[in-house]
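In the numbering used here, the protein residues as written are 5 to 197.
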Amino acid sequence: MKQSILRLLMLTLIMGQIVFADWPCQPTEYVTVSINNGIQWNPRLASDGKNGAVVVWQDRRNGVVDKVYVQRLNQLGNSIWQDGGVPLSLSSAYQVFPQVVSDGSGGAFVTWMENRNAVDYDIFVQRVTSNGLTLWNPGGNIVSNYNSHQYYPMIVRDEGGQDGVIVIWQDRRNGDYDVYAQKFTGNGQAMWS
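Set out below in structure tokens:
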């Protein structure tokens, strides 16, 4: 028992010396991602796979309708992409509940809910390159747009042969909340029916 505790203590001391980020950690210091007018809220964060991070959030800089923006930060916490972030959809609809996962190459995959096609929310997904360019359809690829609402998407990277993502969400197309999933390749092709 004493040897196990000693090994754990040694491992803790060794691992405690490894530091990867150099961002301020004082309560009076911080990294600014977006300081536009209006409210910026509901942020999500993922590694960029290059010692930095990709942040996605809801933004009301142009009024009361939420839009989804994304920004990449380098290892020092400096913004890499355009000031204020990159918009993922230019539609006039509400865009909410963004989720992000790294693409492993400095970019990211982002999914969100949007009601651009009617009152009902649908699920969209977009890939952003390490340079902040959107790769897929303008406004993202549709994941699901069945009648009734599709809610709360989640996203995970598929590191198999296609280097894409799997998106899951809650769906009311049959009246109850059911869970659905769709797989996208790295170039945006939907793989499942």
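Where is the CB? At the ideal position from N, CA and C, for every residue including glycine.
Taking the alpha-carbon positions, what's the Asn191 to Ser38 distance?
For the purposes of this step, residue 191 is identified with residue 187 of the sequence shown, where counting begins at 1. For the purposes of this step, residue 38 is identified with residue 34 of the sequence shown, where counting begins at 1. Straight across, the Cα-Cα distance linking Asn191 with Ser38 is about 29 Å.
What are the start and end residues of the beta strand (DSSP E) that includes Lys71?
As a position in the sequence shown, residue 71 is number 67, starting the count at 1. Residues Lys71 to Leu77.
Hey, could you find the ends of the beta strand (DSSP E) Val35 is sitting in?
Your numbering for residue 35 matches position 31 in the sequence shown. Here Val35 belongs to no beta strand (DSSP E), and DSSP marks it neither H nor E.
From this set, Asn119, Gln130, Thr138 and Arg64, which residue's C-alpha is nearest Asn149's C-alpha?
Counting from one through the sequence shown, the residue named residue 149 turns up at place 145. When each option's Cα is compared against that of Asn149, the closest is Asn119.
Do Val129 and Gly111 come within 8 Å of each other at the CB atom, strictly closer than that value?
Looking up residue 111 in the sequence shown gives position 107. Looking up residue 129 in the sequence shown gives position 125. Against a cut-off of 8 Å, the Cβ pair of Val129 and Gly111 comes out as no contact.
Quick check: what's the CA-CA separation for Tyr181 versus Trp140?
The sequence position of residue 181 within the sequence shown is 177, counting from 1. The sequence position of residue 140 within the sequence shown is 136, counting from 1. Using only the alpha carbons, I get a separation of about 29 Å.
With which residues is Met117 paired in a DSSP beta bridge?
On the sequence shown, residue 117 is found 113 positions in, with the first residue counted as 1. DSSP, once it has assigned bridges, lists Val100 and Ile127 as partnering Met117.
Candidates Gln186, Lys71 and Trp116: which alpha carbon is nearest Ser96's?
To locate residue 96, count along the sequence shown from 1; it is residue 92. Looking at the Cα atoms, Lys71 is the closest of the given residues.
So, at 6 Å on beta carbons, what are the nonlocal neighbours of Leu49 in its own chain, with the 5 sequence-adjacent residues on each side left out?
Translated into positions along the sequence shown, residue 49 becomes position 45. For Leu49, where only same-chain residues beyond five positions count, the Cβ hits under 6 Å are Ala57 and Val59.
Between which two residues does the beta strand (DSSP E) carrying Met158 extend?
Mapped onto the sequence shown, residue 158 falls at position 154. Segment Gln154 to Asp162, the beta strand (DSSP E) holding Met158.
What are the partner residues of Gln44, as DSSP defines its beta bridges?
The residue you call residue 44 lines up with position 40 of the sequence shown. Asp63.
For a test of the three-state rule: what should DSSP assign to Tyr181, helix, strand or coil?
Against the sequence shown, residue 181 aligns to sequence position 177. In this structure, Tyr181 counts as coil in the three-state DSSP scheme.
When you compare the CB positions of Val68 and Val90, do they come within less than 8 Å of one another, or not?
The residue labelled residue 68 in the question sits at position 64 within the sequence shown. The residue labelled residue 90 in the question sits at position 86 within the sequence shown. No. Outside cutoff.
From this set, Arg65, Asn151 and Gln174, which residue's C-alpha is nearest Ile159's C-alpha?
In the sequence shown, counting from the first residue as 1, residue 159 sits at position 155. Taking only the C-alpha atoms, the option nearest Ile159 is Gln174.
How would you label Val104, buried or exposed, when you count the other beta carbons within 10 angstroms and need 16 or more for buried?
For this step, residue 104 is matched to residue 100 along the sequence shown. Buried.
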